[in-house]
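Read the sequence shown against numbering that gives the first Met the number 0 and you will find it ends at 128, with the numbers running on by one and no gaps.
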Amino acid sequence: MSKKVVEVKTLKVGKYVVLDGEASKITSLSTSSPGKHGAAKARLEAVGVFDNQKRSIVKPVDTKIDIPIIDKRVGQVLALMGADVQLMDMESYETIELPIPDELKDQLTEGAEVEYIVALGNMKIMRVK
């Protein structure tokens, strides 16, 4: 579990955050001004990177929150096996099997290079190079 801890007020739209144990990409972020007796609050909406679920939280801006450390890697397609693809990492030369995302089904061919991410023990193909 590779993650860092930051304050909510340092987050921006398009960055990643850990919500409900899943790495999620922030889609909207709004803050309210502090009241007479209360602290300023931030409303955060995000979409899961690996499961595409919408999540939202409301927290004071000075609370700590986890952000995942996302490792972007390059791999080469070795074989297409139905709904899965076999990749070889270009740095460590290890082979891994990942499901093919729906938006990349027609773009993947054997020998093509793809970019994939590793976060919180999960992997996903992001794009074809």
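For each residue, glycine too, the CB sits at the ideal point set by N, CA and C. All values reported here derive from a predicted model rather than from experimental measurement.
- Straight-line spacing of the CA atoms in Leu-79 and Gly-34 works out to 57 Å.
- Within the same chain, Leu-86 come within 6 Å of Ile-95 by CB-CB distance, once the 5 residues on both sides are set aside.
- Looking from the CA of Lys-14, the closest CA among Ile-69, Ile-124, Val-57 and Thr-62 belongs to Ile-69.
- At least 8 Å separates the beta-carbon of Val-76 from that of Met-89.
- Nearest to His-36 by alpha-carbon distance, out of Leu-97, Gly-120, Leu-10 and Pro-59, is Pro-59.
- For the set Ser-1, Pro-67 and Ala-39, the Cα lying nearest the Cα of Ile-25 is the one of Pro-67.
- With a beta-carbon spacing of about 5 Å, Glu-114 and Met-125 fall inside the 8 Å limit used to define contacts.
- Look at Lys-71 here: in three-state DSSP terms it is strand.
- Between Val-7 and Thr-62, the beta carbon gap of about 6 Å places them in contact (Cβ cut-off 8 Å).
- Check the Cα spacing between Glu-21 and each of Val-12, Lys-11 and Lys-2: the tightest is with Lys-2.
- Non-local beta-carbon contacts of Ala-111 in its own chain, meaning distances under 8 Å to residues more than five positions away in sequence, involve Gln-75, Val-76, Val-127 and Lys-128 in chain order.
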